[in-house]
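2 protein chains.
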Amino acid sequence: MASKPNTRERILQASLQLFNEQGERNVTTNHIASHLGISPGNLYYHFRNKSMIVAELFSGFERSMQSFFVVPDGAGLTLEDKAQYLESLLEILWQYRFMHQGLEYLLESDPELAVRYRRFAQRSLQGTQSIYLAFAEAGILQLTAQQAETLSINVWLVLSAWMQFLTTTLGIQAQLDKHLLRRGIYQILVLEEGHVTPEYQQAVKALCERLYVPLDELRPADAADVPATPSQ
Amino acid sequence: MASKPNTRERILQASLQLFNEQGERNVTTNHIASHLGISPGNLYYHFRNKSMIVAELFSGFERSMQSFFVVPDGAGLTLEDKAQYLESLLEILWQYRFMHQGLEYLLESDPELAVRYRRFAQRSLQGTQSIYLAFAEAGILQLTAQQAETLSINVWLVLSAWMQFLTTTLGIQAQLDKHLLRRGIYQILVLEEGHVTPEYQQAVKALCERLYVPLDELRPADAADVPATPSQ
Numbered sequence: 001m002a003s004k005p006n007t008r009e010r011i012l013q014a015s016l017q018l019f020n021e022q023g024e025r026n027v028t029t030n031h032i033a034s035h036l037g038i039s040p041g042n043l044y045y046h047f048r049n050k051s052m053i054v055a056e057l058f059s060g061f062e063r064s065m066q067s068f069f070v071v072p073d074g075a076g077l078t079l080e081d082k083a084q085y086l087e088s089l090l091e092i093l094w095q096y097r098f099m100h101q102g103l104e105y106l107l108e109s110d111p112e113l114a115v116r117y118r119r120f121a122q123r124s125l126q127g128t129q130s131i132y133l134a135f136a137e138a139g140i141l142q143l144t145a146q147q148a149e150t151l152s153i154n155v156w157l158v159l160s161a162w163m164q165f166l167t168t169t170l171g172i173q174a175q176l177d178k179h180l181l182r183r184g185i186y187q188i189l190v191l192e193e194g195h196v197t198p199e200y201q202q203a204v205k206a207l208c209e210r211l212y213v214p215l216d217e218l219r220p221a222d223a224a225d226v227p228a229t230p231s232q
Numbered sequence: 001m002a003s004k005p006n007t008r009e010r011i012l013q014a015s016l017q018l019f020n021e022q023g024e025r026n027v028t029t030n031h032i033a034s035h036l037g038i039s040p041g042n043l044y045y046h047f048r049n050k051s052m053i054v055a056e057l058f059s060g061f062e063r064s065m066q067s068f069f070v071v072p073d074g075a076g077l078t079l080e081d082k083a084q085y086l087e088s089l090l091e092i093l094w095q096y097r098f099m100h101q102g103l104e105y106l107l108e109s110d111p112e113l114a115v116r117y118r119r120f121a122q123r124s125l126q127g128t129q130s131i132y133l134a135f136a137e138a139g140i141l142q143l144t145a146q147q148a149e150t151l152s153i154n155v156w157l158v159l160s161a162w163m164q165f166l167t168t169t170l171g172i173q174a175q176l177d178k179h180l181l182r183r184g185i186y187q188i189l190v191l192e193e194g195h196v197t198p199e200y201q202q203a204v205k206a207l208c209e210r211l212y213v214p215l216d217e218l219r220p221a222d223a224a225d226v227p228a229t230p231s232q
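For the record, the sequence lines run as chains B and S.
This note's numbering numbers the first residue of the first sequence as 1 and each following residue consecutively.
This note's numbering numbers the first residue of the second sequence as 1 and each following residue consecutively.
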């Protein structure tokens with residue numbers, strides 16, 4: 001019984017799309033109103049300014065991410081869960097990718113959002129740590145609390161930099177296709193490789209090999225200025 | 001016989017400082033001229049617009065980074081070289097940190113710079129791969145070409161996201177002190193841990209332990225909204 005989205009919801013959806021496509025700083029509330037064919041006054045009735053739209057989108061992003069940090073029952077965790085988990089995570093980061101494009105500028109111009117983001121990022125780091133410790137409990141990984149913290153930071157850095165890497169280094173602007181997603185998951189899984197228990201090493205290796213996509217297959221033809229492998 | 005820097009050089013130094021402190025997009029050529037106490041006309045005599053200043057700073061950044069990718073003689077490489085190497089690398093990234101703040105916006109408004117950056121990033125990735133293969137030759141690491149590529153991408157992602165992580169997640173704005181540098185090097189060294197040859201594992205472990213700084217010691221007191229370790 002999905003009803004037609006109301007104006008407020010349509011404004012949020014259109015803003016997310018335009019922010020992702022054109023960058024948040026290049027999109028004004030007038031652009032959003034004109035994109036929807038509504039008057040600026042109608043938009044202001046729902047959101048007094050762009051910051052309020054960004055704040056509400058950020059809440060949606062937080063809610064989506066939050067669901068990942070509910071630590072599952074350790075004993076029930078499987079390796080397949082991991083790959084699916086990472087795939088969903090990357091899809092959410094892609095869905096809200098405007099957040100991590102020019103994040104520093106976004107936060108600098110909105111101190112309230114900066115505080116929310118800092119809390120969110122720190123909670124996410126803690127959530128990731130708890131998940132790793134649950135995988136340790138399930139006998140898939142073996143790591144100390146310090147190693148779980150270190151690994152969580154690197155996963156967070158790789159996750160949040162992956163979209164920027166695709167656009168700035170590989171020259172990919174379009175959409176997050178299956179190849180880009182798989183290679184992203186691969187880059188994160190290898191971070192854990194050194195911590196896999198002996199009985200799971202073969203299975204993790206097989207999973208990694210299944211996800212690997214060479215860089216050459218990711219890059220659009222016109223962006224291949226430089227060969228992907230050393231030519232020597 | 002260091003001579004007094006000429007106006008052109010002073011403009012570049014002041015721009016770098018202002019870009020780093022305030023973000024490139026918040027600094028106009030008028031700001032730079034007024035900061036130096038010179039007329040806008042004098043600045044325009046040297047640089048017709050801000051893009052020309054950014055392009056020249058980027059050349060300096062490229063030159064500094066280039067020196068890292070001269071592959072040393074494999075046999076002569078030591079573990080101590082690695083830590084010093086990473087320290088210098090992080091220092092250069094910090095020195096030019098405006099580049100990686102809002103990188104997507106910077107490149108989007110300057111297509112020529114976007115192409116230069118893409119080539120630079122791809123060359124850097126290749127250079128990193130070659131260095132890893134040299135460490136393999138020196139018997140310190142053991143990895144395949146595919147593993148060297150994967151590792152290089154993760155190192156690149158962690159390096160380029162480290163500064164953003166410090167500001168957006170830990171709330172650190174000031175300067176790259178020794179603690180922040182050491183923890184950054186630590187985060188990169190652990191990426192390689194799974195590839196260290198048996199005879200070097202003890203030494204790498206000792207090096208890592210020496211570099212480790214708990215997150216709590218990095219965070220400024222007023223940014224510690226959330227405890228650093230899970231409270232359960």
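Every residue, glycine too, gets a C-beta built ideally from N, C-alpha and C.
Next item on the list: Buried or exposed for residue 144 of chain S, please, with buried defined as at least 16 other CB atoms from any protein chain shown within 10 angstroms of its CB.
Entry: On the second sequence, residue 144 of chain S is found 144 positions in, with the first residue counted as 1. The residue is exposed, with fewer than 16 neighbouring Cβ atoms inside 10 Å.
Notebook entry, point to check: Just by C-beta distance, which residues in the region 114 to 128 of chain S are closer than 8 Å to chain B?
Noted result: 114, 115, 117, 118, 119, 121, 122, 123, 125 and 126
Note to self: For residue 165 of chain S, report the span of its alpha helix (DSSP H) as first-last.
What the structure shows: Sequence index remark: in the second sequence, residue 165 of chain S carries index 165 (1-based). Where residue 165 of chain S is concerned, the enclosing alpha helix (DSSP H) stretches over 145 to 168.
Notebook entry, point to check: What residues match up with residue 204 of chain B in a beta bridge as DSSP calls it?
Noted result: Indexing the first sequence from 1 puts residue 204 of chain B at position 204. BP columns for residue 204 of chain B are empty, so no partner.
Check: CA-CA distance, residue 20 of chain B and residue 96 of chain B?
Finding: Indexing the first sequence from 1 puts residue 20 of chain B at position 20. Indexing the first sequence from 1 puts residue 96 of chain B at position 96. C-alpha separation (whole angstroms): 7 Å.
Notebook entry, point to check: Cβ atoms of residue 83 of chain B and residue 218 of chain B: under 8 Å apart, would you say?
Noted result: On the first sequence, residue 218 of chain B is found 218 positions in, with the first residue counted as 1. On the first sequence, residue 83 of chain B is found 83 positions in, with the first residue counted as 1. In this structure, residue 218 of chain B lies away from residue 83 of chain B, with their beta-carbon atoms at least 8 Å apart.
Check: Roughly how many angstroms separate the alpha carbons of residue 60 of chain B and residue 10 of chain S, rounded to a whole number?
Finding: As a first step, residue 60 of chain B is located in the first sequence; it is residue number 60 there, counting from the start. As a first step, residue 10 of chain S is located in the second sequence; it is residue number 10 there, counting from the start. Each residue's alpha carbon lies about 46 Å from the other.
Item checked: Cut-off 6 Å between Cβ atoms - residues of its own chain near residue 69 of chain S, not counting five sequence neighbours on either side -> Reading the second sequence from its first residue, position 69 is the one you call residue 69 of chain S. These residues qualify, in order along the chain: 127.
Check: What are the partner residues of residue 141 of chain S, as DSSP defines its beta bridges?
Finding: By one-based count along the second sequence, residue 141 of chain S stands at place 141. DSSP output for residue 141 of chain S lists S:196 as bridge partner(s).
Checklist line | Within 8 Å, strictly: CB atoms of residue 116 of chain B and residue 58 of chain B | finding: As a working mapping, residue 116 of chain B is identified with position 116 in the first sequence. As a working mapping, residue 58 of chain B is identified with position 58 in the first sequence. Yes, they are a contact pair.
Next item on the list: Take every Cβ of the region 179 to 187 of chain B, pair it with every Cβ of the region 175 to 189 of chain S, and state whether three or more of those distances are shorter than 8 Å.
Entry: In short, these stretches do not touch, since the Cβ pair count stays below three.
Next item on the list: State the CB to CB distance for the pair residue 148 of chain B and residue 132 of chain B, rounded to an integer number of angstroms; the pair is presumed to be in contact (CB under 8 Å).
Entry: Position 148 of the first sequence, counting from 1, holds the residue named residue 148 of chain B. Position 132 of the first sequence, counting from 1, holds the residue named residue 132 of chain B. 4 Å between Cβ atoms; contact.
Notebook entry, point to check: In chain order, which alpha helix (DSSP H) runs of at least 4 residues are fully inside the region 79 to 144 of chain S?
Noted result: 79 to 95, 103 to 108 and 111 to 137
Item checked: Run of the alpha helix (DSSP H) containing residue 63 of chain B, from where it starts to where it stops -> Within the first sequence, numbered from 1, the residue matching residue 63 of chain B stands at position 63. Residues 50 to 66.
Next item on the list: Provide the residue span of the alpha helix (DSSP H) that contains residue 23 of chain S, from first to last.
Entry: Along the second sequence, one-based indexing puts residue 23 of chain S at 23. Note, residue 23 of chain S: premise wrong, no alpha helix (DSSP H); not H, not E.
Item checked: Distance, residue 79 of chain S Cα to residue 210 of chain S Cα -> Reading the second sequence from its first residue, position 210 is the one you call residue 210 of chain S. Reading the second sequence from its first residue, position 79 is the one you call residue 79 of chain S. Cα-Cα distance, rounded: 13 Å.
Check: Would a check of beta-carbon distances place residue 112 of chain S closer than 8 Å to chain B?
Finding: Looking up residue 112 of chain S in the second sequence gives position 112. Chain B contact via Cβ: absent.
Check: If you compare alpha carbons, which of S:194, S:77, S:88 and S:7 is closest to residue 151 of chain B?
Finding: Here residue 151 of chain B corresponds to residue number 151 of the first sequence, with the count starting at 1. Looking at the Cα atoms, S:194 is the closest of the given residues.
Next item on the list: Output the distance between the C-alpha atoms of residue 25 of chain B and residue 33 of chain B, rounded to the nearest integer angstrom.
Entry: In the first sequence, residue 25 of chain B corresponds to position 25, counting from 1. In the first sequence, residue 33 of chain B corresponds to position 33, counting from 1. Their backbone Cα atoms lie some 16 Å apart in a straight line.
Item checked: Chain-ordered chain B contacts of residue 135 of chain S [CB-CB under 7 Å] -> Indexing the second sequence from 1 puts residue 135 of chain S at position 135. The premise fails here: residue 135 of chain S is roughly 14 Å from chain B at the closest Cβ pair, so nothing lies under 7 Å.
Notebook entry, point to check: Is the CB-CB distance between residue 164 of chain S and residue 104 of chain B below 8 Å?
Noted result: For this step, residue 164 of chain S is matched to residue 164 along the second sequence. For this step, residue 104 of chain B is matched to residue 104 along the first sequence. Closer than 8 Å, so yes.
Item checked: Selected residue, minimal CA-CA separation from residue 168 of chain B, among S:160, S:168, S:167 and S:170 -> On the first sequence, residue 168 of chain B is found 168 positions in, with the first residue counted as 1. Closest option to residue 168 of chain B, Cα to Cα, is S:160.
Next item on the list: Classify residue 6 of chain B as helix, strand or coil using the three-state DSSP reduction.
Entry: By 1-based counting over the first sequence, the position of residue 6 of chain B is 6. Residue 6 of chain B: coil per DSSP, three-state reduction.
Notebook entry, point to check: Any residues in the region 13 to 31 of chain S with a beta carbon nearer than 7 Å to a beta carbon of chain B? Which ones, in chain order?
Noted result: 23 and 25
Check: With C-beta atoms as the reference, is residue 98 of chain B less than 8 Å away from residue 41 of chain B?
Finding: Locating residue 98 of chain B in the first sequence gives position 98, counting from the first residue. Locating residue 41 of chain B in the first sequence gives position 41, counting from the first residue. It is not a contact, given that the beta carbons lie outside the stated cut-off.
Note to self: Within a Cβ cutoff of 6 Å, which residues of the same chain sit near residue 110 of chain B, ignoring the five residues on either side of it in sequence?
What the structure shows: Position 110 of the first sequence, counting from 1, holds the residue named residue 110 of chain B. Only 51 meet the Cβ criterion.
Margin query: Using only CA atoms, which one of S:205, S:39, S:67 and S:49 lies nearest to residue 28 of chain S?
Written below: What you label residue 28 of chain S is simply residue 28 of the second sequence in a count that begins at 1. Minimum Cα distance to residue 28 of chain S is reached at S:49.
Notebook entry, point to check: Excluding the five sequence neighbours on either side, which residues of its own chain have a C-beta within less than 6 Å of the C-beta of residue 86 of chain S, listed in chain order?
Noted result: By one-based count along the second sequence, residue 86 of chain S stands at place 86. Contacts found: 185 and 188.
Check: Can you find a C-beta in chain S that's less than 8 Å from the C-beta of residue 199 of chain B?
Finding: Residue 199 of chain B sits at position 199 when you count from the first residue of the first sequence. No, residue 199 of chain B lies away from the interface with chain S (no Cβ there is under 8 Å from its Cβ).
Next item on the list: Inspect the beta-carbon positions of residue 65 of chain B and residue 124 of chain B and report whether they are closer than 8 Å.
Entry: By one-based count along the first sequence, residue 65 of chain B stands at place 65. By one-based count along the first sequence, residue 124 of chain B stands at place 124. Yes.
Next item on the list: Please classify residue 192 of chain B: is it buried, with 16 or more other beta-carbons within 10 angstroms of its beta-carbon, or exposed?
Entry: For the purposes of this step, residue 192 of chain B is taken as residue 192 along the first sequence, with counting starting at 1. By the neighbour-count rule (16 or more Cβ atoms within 10 Å), residue 192 of chain B is buried.
Next item on the list: Using the Cα positions of residue 43 of chain B and residue 56 of chain B, report the straight-line distance between them to the nearest angstrom.
Entry: Looking up residue 43 of chain B in the first sequence gives position 43. Looking up residue 56 of chain B in the first sequence gives position 56. Each residue's Cα considered, the two are about 14 Å apart.
Next item on the list: In angstroms with no decimal places, state the Cα-to-Cα distance between residue 108 of chain B and residue 114 of chain B.
Entry: Taking the first residue of the first sequence as 1, we reach residue 108 of chain B at position 108. Taking the first residue of the first sequence as 1, we reach residue 114 of chain B at position 114. So the two alpha carbons sit approximately 7 Å from each other.
Notebook entry, point to check: In chain order, what residues of the region 90 to 103 of chain B put their CB closer than 8 Å to some CB of chain S?
Noted result: Hits within the stretch, in order: 101, 102 and 103.
Note to self: Would residue 162 of chain S and residue 106 of chain B qualify as a contact pair, given that the criterion is a beta-carbon distance under 8 Å?
What the structure shows: Here residue 162 of chain S is taken as the residue at index 162 of the second sequence, counted from 1. Here residue 106 of chain B is taken as the residue at index 106 of the first sequence, counted from 1. Cβ distance not < 8 Å, so residue 162 of chain S and residue 106 of chain B don't count as in contact.
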